[in-house]
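Engineer:
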Amino acid sequence: MDLHKTAVILIGYQNDYFAEDGILQGVIEEPGRASTVLANTIALIERLRPTPVHLISTPIVFTPDYSELVEPMGILKVIKDVEAFKQGTKGAENIPEFLEFGERILEVPGKRGLNAFSNTQLNDILQEKEVTDVVLAGAVTSICIDSTGRAAFENGYTIHILSDCTAGRTSVEQSFYCETIFPLYAEVIDSTTLLARGGVIDG
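Start counting the sequence shown at 3; every next residue gets the next number (this note's numbering).
#1: For LEU120, which of helix, strand or coil comes out of DSSP?
#2: On the DSSP bridge assignment, give the partners of LYS131 in chain order.
#3: Can you name the start and end residues of the beta strand (DSSP E) that ILE58 belongs to?
#4: Report the three-state DSSP secondary structure of ASP166 (helix, strand or coil).
#5: Is the closest heavy atom of the ligand ZN to the C-beta of ILE58 under 7 Å?
#6: Straight-line CA distance for GLU132 to ASN125?
#7: Determine, using beta-carbon pairs with one atom in the region 57-70 and one in the region 187-204, whether at least three such pairs fall under 8 Å.
#8: With DSSP collapsed to three states, give me the class of ALA45.
#9: Helix, strand or coil for ALA86, going by three-state DSSP, please let me know.
#10: Can you give the Cα-Cα distance for GLU70 and ARG114, rounded to whole angstroms?
#11: Report the rounded CA-to-CA distance for ALA21 versus MET3, giving the unit in angstroms.
#12: With distances taken Cα to Cα, identify the nearest neighbour of ALA9 among TYR68, CYS180, ARG51, TYR179.
#13: What residue from GLU109, ILE11, PRO74, HIS6 has the CA that sits closest to ILE163's CA?
#14: The alpha helix (DSSP H) spanning VAL110 covers which residue range?
#15: Specify the secondary structure class of ILE97 as computed by DSSP and reduced to three states.
#16: I need the straight-line Cα distance from THR195 to LEU138, nearest angstrom please.
#17: Does DSSP classify GLY140 as helix, strand or coil?
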């Protein structure tokens, strides 16, 4: 894998999902899954920091009146009802663990729904950087990860989804998507495999 042409897309790494007092922390029902995914992701970013790989976060943020959401359904209705990811709140901010990486993680604003390509400049940025391989990490597996993965596939990228850096709502859901759904359009690997393919070695 050529890391010069690889982008790791970090989805949903915001306080409302991953902080202990996050409004939506309960969406990830499996005990300890969110903290495990977070630890695995930070360890991966740390290893990738000195490499040429592109690290990109795509936070979802809504205006205070949620005017972007017209008759929302499903998870988007929940987000509006509980006032999650509201602009100017702690919950909408990226997790504090990202701060140490500074500008090494490029933040792409504009995400207002499930798909990180929609309403953002993500595809333009990937094209500009001549990215061919897109690696997905984050939450939630069945929602934003799947939606973004399908969009990336339709845009012509080779997709890799990290099984140990993604969080489903339940362990059953996580296994089902990784074993049955994602292989329809993507390769499911873990972070160790990604590092090995990229030639990232210890020390």
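Beta carbons are placed, not taken as given, at the ideal position from N, Cα and C, and that holds for glycine.
Structural biologist: Reading it off the structure:
#1: Residue 120 sits at position 118 when you count from the first residue of the sequence shown. Contrary to the premise, residue 120 reads as Ser rather than Leu in this sequence. Three-state result, SER120: coil.
#2: Taking the sequence shown and counting its residues from 1, one reaches residue 131 at position 129. Answer by DSSP bridge pairing: none, since LYS131 is not bridged.
#3: One-based indexing of the sequence shown puts residue 58 at position 56. Segment 56-59, the beta strand (DSSP E) holding ILE58.
#4: Along the sequence shown, one-based indexing puts residue 166 at 164. Taken through DSSP and simplified to helix, strand or coil, ASP166 comes out as strand.
#5: Ligands are entirely absent from the displayed structure, and the ligand ZN is therefore not among its contents.
#6: To locate residue 132, count along the sequence shown from 1; it is residue 130. To locate residue 125, count along the sequence shown from 1; it is residue 123. The alpha-carbon atoms of GLU132 and ASN125 are separated by roughly 10 Å.
#7: As far as the Cβ criterion goes, the region 57-70 does not touch the region 187-204, which means the pair count is below three.
#8: Counted from its first residue, the sequence shown places residue 45 at position 43. Helix, per DSSP.
#9: Numbered from its first residue, the sequence shown carries residue 86 at position 84. ALA86: coil per DSSP, three-state reduction.
#10: By one-based count along the sequence shown, residue 70 stands at place 68. By one-based count along the sequence shown, residue 114 stands at place 112. The alpha-carbon atoms of GLU70 and ARG114 are separated by roughly 7 Å.
#11: Counting from 1 along the sequence shown, the entry for residue 21 is found at position 19. Counting from 1 along the sequence shown, the entry for residue 3 is found at position 1. Using only the alpha carbons, I get a separation of about 33 Å.
#12: To locate residue 9, count along the sequence shown from 1; it is residue 7. The residue with the shortest Cα to Cα distance from ALA9 is ARG51.
#13: In the sequence shown, counting from the first residue as 1, residue 163 sits at position 161. Cα-wise, what sits closest to ILE163 is ILE11.
#14: Taking the first residue of the sequence shown as position 1, residue 110 is located at position 108. Neither: VAL110 is in no alpha helix (DSSP H) and is coded neither H nor E.
#15: The residue labelled residue 97 in the question sits at position 95 within the sequence shown. Here ILE97 sits in coil by DSSP.
#16: In the sequence shown, the residue the question calls residue 195 occupies position 193. In the sequence shown, the residue the question calls residue 138 occupies position 136. Cα to Cα, THR195 sits roughly 14 Å from LEU138.
#17: In the sequence shown, residue 140 corresponds to position 138, counting from 1. In this structure, GLY140 counts as strand in the three-state DSSP scheme.
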